[in-house]
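Each position in the sequence shown, counted from 1, maps to that position plus 6 in our numbering. Ideal Cβ placement from N, Cα and C applies to all residues, glycine included. Being a predicted model, the structure only gives us computed values, none of them experimental. Input: a single structure, listed below in structure tokens.
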Amino acid sequence: MTLLSVRGVSKRFGGLVAVNNVSFDIAAGELVGLIGPNGSGKTTLLNILSGLADPDSGEILLDNVPCQGLTPERLAHRGVMRMFQLTRVFRRMNVVDNLLVAGRALGLGADEALSRADALITELRLDVIRHLDAGQLSGGQMKLLEFGVCFMVPPRIALLDEPFAAVHPTMKEIMGDFIRARHGKGQTFILVSHDMPVVVELCPRAVCMNAGAVVIDATTREVLNDPRVIEAYLGGQAA
Ligand SMILES: Nc1ncnc2c1ncn2[C@@H]1O[C@H](COP(=O)(O)OP(=O)(O)O)[C@@H](O)[C@H]1O
Ligand SMILES: [Mg+2]
């Protein structure tokens, strides 16, 4: 069943075509890697999908209903969650309270919020820091807390933009375990990452963009072995 359908989406910044006629479908339960060299349009595409930017043309369907141009808040209510930008972590509130506030704001009762917060604290291995203020956390711990905040009420589709960038390997492993476990339970993701070993390990399917356009959309192995993808990374401003 198609959850998200991206149809001919384009976005220009002046003379630059940042996203060029991009189309793909994401079925419910898929974990799709979105890769491509720096500047290939991945973040712009996620911005469009999450309502932070309007496309110049094209259509985005969520459950077969057009949703392009909706605000991030409206999209979040429909289950599209862009992590690390939509998420609000309160720096002067501790870890467990941040989770409880997020859960209550999304309509959970007190007991339900507490039991979900406890489960997420265990799953994200935040136990020893549960009473620390969010402002005291390291960058990686903050990202783990943001995962928790986003998953108090699991979104229909989670859009992750380079969650592993510049985090400690231990945190990276916890995030990877979290994504894998949630995918195993049917959670849908689009994961933007430059970390190819992680993309290979986590994502059965990958979409590679270059210069705003989709180069190939196939199994991750096929994508990484495709000469056009290798060319894109070698020929562009690859990281
Ligand atoms: N707000 C903006 N104004 C002008 N150009 C932008 C803006 N956002 C992105 N771009 C340009 O669009 C292209 C795609 O950027 P981006 O989506 O961030 O790529 P990626 O996430 O794949 O690295 C780049 O050339 C970038 O410089
Ligand atoms: Mg980016």
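Other residues of its chain near residue i: CB distance less than 8 Å, five sequence neighbours each side excluded
i, result
"residue 136", "100, 101, 102 and 127"
"residue 89", "152, 153, 156, 164, 165, 166, 167 and 169"
Where the beta strand (DSSP E) through residue i begins and ends
i, result
"residue 31", "22 to 33"
"residue 17", "8 to 19"
"residue 219", "219 to 225"
"residue 59", "Note, residue 59: premise wrong, no beta strand (DSSP E); not H, not E."
"residue 192", "Careful: residue 192 lies outside any beta strand (DSSP E) and carries neither H nor E."
"residue 87", "86 to 88"
Endpoints, the alpha helix (DSSP H) within which residue i is located
i, result
"residue 76", "It is not in any alpha helix (DSSP H) - residue 76 carries neither H nor E in the DSSP assignment."
"residue 39", "First-last for residue 39: 37 to 41, but that is the beta strand (DSSP E), not the alpha helix (DSSP H)."
"residue 53", "48 to 55"
"residue 234", "233 to 241"
Beta-carbon contacts of residue i that lie in its chain and below 6 Å, excluding the five residues immediately before and after
i, result
"residue 171", "none"
"residue 244", "Reliability of the predicted coordinates at residue 244 is poor, the pLDDT of 42 falling under 50, and the value obtained from them is presented with this limitation in mind. The residues are 43."
"residue 218", "23, 24, 25, 26 and 47"
"residue 34", "7, 9 and 194"
Close beta carbons around residue i, own chain, < 7 Å, minus the five adjacent residues each side
i, result
"residue 95", "104, 140, 148, 151, 152 and 155"
"residue 182", "204 and 208"
Next item on the list: Taking 8 Å as the threshold, find out whether the stretch 9 to 25 comes into contact with the stretch 177 to 190 through three or more Cβ pairs.
Entry: no
Next item on the list: Evaluate contact between the stretch 136 to 150 and the stretch 62 to 73, counting only Cβ atoms and requiring at least three cross-stretch pairs below 8 Å.
Entry: no
Notebook entry, point to check: Can you list, in chain order, every residue whose CB sits closer than 5 Å to a heavy atom of ligand 1?
Noted result: 19, 24, 44, 45, 46, 47, 48, 49 and 50
Notebook entry, point to check: In chain order, which alpha helix (DSSP H) runs of at least 4 residues are fully inside the stretch 92 to 172?
Noted result: 101 to 111, 116 to 129 and 145 to 157
Margin query: Any contact between the stretch 37 to 57 and the stretch 112 to 126? By contact I mean 3 or more CB pairs, one from each, below 8 Å.
Written below: no
Notebook entry, point to check: Are the stretch 227 to 235 and the stretch 76 to 96 touching by the rule of at least three beta carbon pairs closer than 8 Å?
Noted result: no
Next item on the list: Could you tell me whether the stretch 158 to 165 touches the stretch 175 to 183, where touching means 3 or more Cβ pairs closer than 8 Å?
Entry: no
Next item on the list: For the stretch 203 to 223 and the stretch 22 to 39, state whether three or more C-beta atom pairs, one from each stretch, are separated by less than 8 Å.
Entry: yes
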